[in-house]
Amino acid sequence: MTKLTHYLSPFRFIILVTLLFQGCSNEDDPAPIVDDSPIKTGFVISSVSGAWPDFTTYIQWSNDLDFSSIDNSNGIELTGSASTVSYGGAVYATPFGAPANLVKYVVNSNSIPEEEERIVVPGANTFSTLYFKSETLAYGTVSGGISKLIVFNPTTMRITNEISLSPLTSKIPEATRTYYLDMLERDNKLFMGVHYENNFVPVNDSAYVAVIDLSTNTVEKVLSDGRTGMVFGGQAPNAGMVLDVNGDIYVQALGTTNAGGSNPSGVLRIKNGQTDFDADYFFNLEEAVGNICYGIYHTSGGRTFTANVQDETDFWEFATGLPQFNYVEIDLINKTSIGDVPGLPTTYGSRRMIIHEMEDQSLLFSIATNDENAVYRLDPSSNMASQYFTSSGGYISGLQKLD
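The opening residue of the sequence shown carries number 39 in the numbering used here; numbering runs sequentially from there.
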């Protein structure tokens, strides 16, 4: 026995040998590296609960949509009602309420969305619409109070520029409020819906779209068309303009019939290669569908949808306390109505109307009634919709696939 072991009991000797071997083992097999990078696949779902003015938005992640019901137990809270847009593996939330906030979320390795950065614009109530051009270049409109178009970097979430919109405000000088809405890019030009109000009343019976040259960041011109009015989009982000496979832009306008005017809901067209409204095209939605229509959505397969109010005297759904909107399929080329989407109940238009296209070309529709908050799925083979999953945590305000 060596001098060392002579002074150690057998038990202590065993412990010492074990520790020596553990130390050698750790050197040969280092601890595994934990991947804590953000999750950039799956779905981010947001829901809104509460009553005016105390709304709360809950944002949560799911690897898939293979569930029958969802609650808020895995959600993080964001004060106010908010919609969401996804880009580059992140989700951008736009809660309503001054000052205007744009909040960027990433999903951490524990499957929980966490705030990474935010942009705050004092003097405005909310971000209206976002358009992402690249990982370092995006555009956002704010409205309510101050209305402006900012340029920002989505990666760093820093404002890099602001596009002067003085040509728009000077066009209708009597307007006390100007809203800049839905944005769509084609040929390095940004087409942006504009709406003018004077003390919450539409100024006149026309639809307006600004054409912005992105090479110079200047307003090139403002289009106007008196065949309809109020390019006000829909409840979902960018629900006022669509781009078809031919490169034609279709602009949906609410019309002014619900605001004391005489112009119907309609669709205008800006043909590929042009920067003016097509004088030979007007789709009178009110005549084809039967009442005021709100928003437009175009699928990769060429199908187009809008929402149609059932009782135009209760467009804002205050009077009756009942949902008033049906999802309707329309034909942009033939300017006809195909009819209500089969299987969908009448839903609240004031609680977000979202259409999301899945990879198999099935379509998901958000539904909010007095009896359920849910998402329905339209099967492309049967053309029949049925309930996909329900929400016990409020109405669905966002359904985004991370990419």
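Every residue, glycine too, gets a C-beta built ideally from N, C-alpha and C.
Residue interval of the beta strand (DSSP E) (run including residue i)
i: P133; result: A128 to P133
i: G333; result: C331 to H336
i: F76; result: This sequence places Pro at residue 76; Phe is not what is there. Segment: none, P76 is in no beta strand (DSSP E) and carries neither H nor E.
i: V269; result: Segment: none, V269 is in no beta strand (DSSP E) and carries neither H nor E.
i: F190; result: K186 to N191
i: K227; result: K227 to N236
i: M221; result: R215 to R224
i: L281; result: M279 to L281
i: T94; result: D92 to S100
i: N346; result: T342 to V347
i: S124; result: A120 to Y125
i: L116; result: I114 to T117
i: M422; result: M422 to S429
i: E395; result: I393 to E395
Residues of its chain near residue i, where Cβ-Cβ distance is below 6 Å and the 5 sequence neighbours each way are ignored
i: Y319; result: R307
i: L252; result: N226 and L228
i: S84; result: T95, I97, T122, S435 and G436
i: S429; result: S85, I108 and N411
i: D352; result: T358 and Q362
i: Y335; result: F343 and I393
Opening and closing residue of the alpha helix (DSSP H) in which residue i lies
i: K209; result: S204 to K209
i: E324; result: L323 to V327
Neighbourhood of residue i by C-beta distance below 8 Å, restricted to the same chain and skipping five residues each side
i: Q447; result: Summary: the structure shown does not reach residue 447, with the chain confined to residues 39 through 441, and so no result is reported for it.
i: Y169; result: A176, Y177, G178, M221, L222, E223, L228 and N276
i: E324; result: G293, T295, P302, S303, G304, I330 and C331
i: E355; result: P361, Q362, Y386, G387 and S388
i: A326; result: I368, K373, T374 and S375
i: E350; result: T295, N296, N329 and I330
Close-in-space but distant-in-sequence residues of the same chain around residue i (CB under 7 Å, 5 per side omitted)
i: K78; result: G127 and L440
i: T198; result: V189, F190 and N191
i: N310; result: N284, G285 and D286
i: L140; result: Y130, T132, R156, I157, F165 and G178
i: F427; result: L103, F105, S106, S107, I108, A412 and V413
i: S149; result: I77 and W99
i: S181; result: A162, N163, T164, S166, Y217 and Y218
Under the three-state DSSP convention, the category residue i falls into
i: R196; result: strand
i: D316; result: coil
i: D263; result: strand
i: D109; result: coil
i: N163; result: strand
i: D352; result: helix
i: T295; result: helix
i: S388; result: helix
i: V180; result: strand
i: A245; result: strand
i: A357; result: coil
i: E410; result: coil
i: I371; result: coil
i: P302; result: coil
i: K439; result: strand
i: D398; result: coil
i: N310; result: coil
i: R172; result: According to the sequence shown, residue 172 is Ser rather than Arg. Strand at S172.
i: S404; result: strand
i: D417; result: strand
Identity of the residue in the options nearest residue i by Cα
i: I1; options: S204, T174 and G264; result: The question about residue 1 has no answer, for the chain in this structure spans 39 to 441.
i: S100; options: D286, S147, V159 and W90; result: S147
i: T214; options: F238, I197, G231 and T193; result: F238
i: R341; options: P418, D316 and N310; result: P418
i: L378; options: A406, Q399 and N346; result: The residue you asked about is not Leu; residue 378 is Asp in the sequence shown. Selected option, being the one with the closest Cα: N346.
i: V158; options: Y143, P133, A138 and S149; result: A138
i: S208; options: V257, N163, M230 and N372; result: V257
i: T313; options: I334, V289, D398 and N322; result: V289
i: F270; options: N408, G278 and D263; result: G278
i: I392; options: E154, L206, E115 and G333; result: G333
i: S106; options: V283, V413, L382 and D286; result: V413
i: K171; options: S124, P160 and E155; result: S124
i: M422; options: A248, T266, T122 and L401; result: L401
i: Y246; options: R390, F321, K259 and P151; result: K259
i: M396; options: G80, P380, V145 and V366; result: G80
i: R196; options: S338, T174, G299 and F403; result: T174
i: G113; options: Y143, S202, P91 and D409; result: Y143
i: E153; options: V180, E115, G359 and G339; result: E115
i: L370; options: R415, S420, G118 and D282; result: D282
i: I201; options: G182, V232, T254 and T194; result: T254
i: S300; options: V241, T344 and G339; result: V241
Residues sharing a beta bridge with residue i, DSSP
i: V145; result: I77 and P151
i: T256; result: D251
i: D378; result: V366
i: G88; result: F93
i: N139; result: V158
i: P240; result: E235
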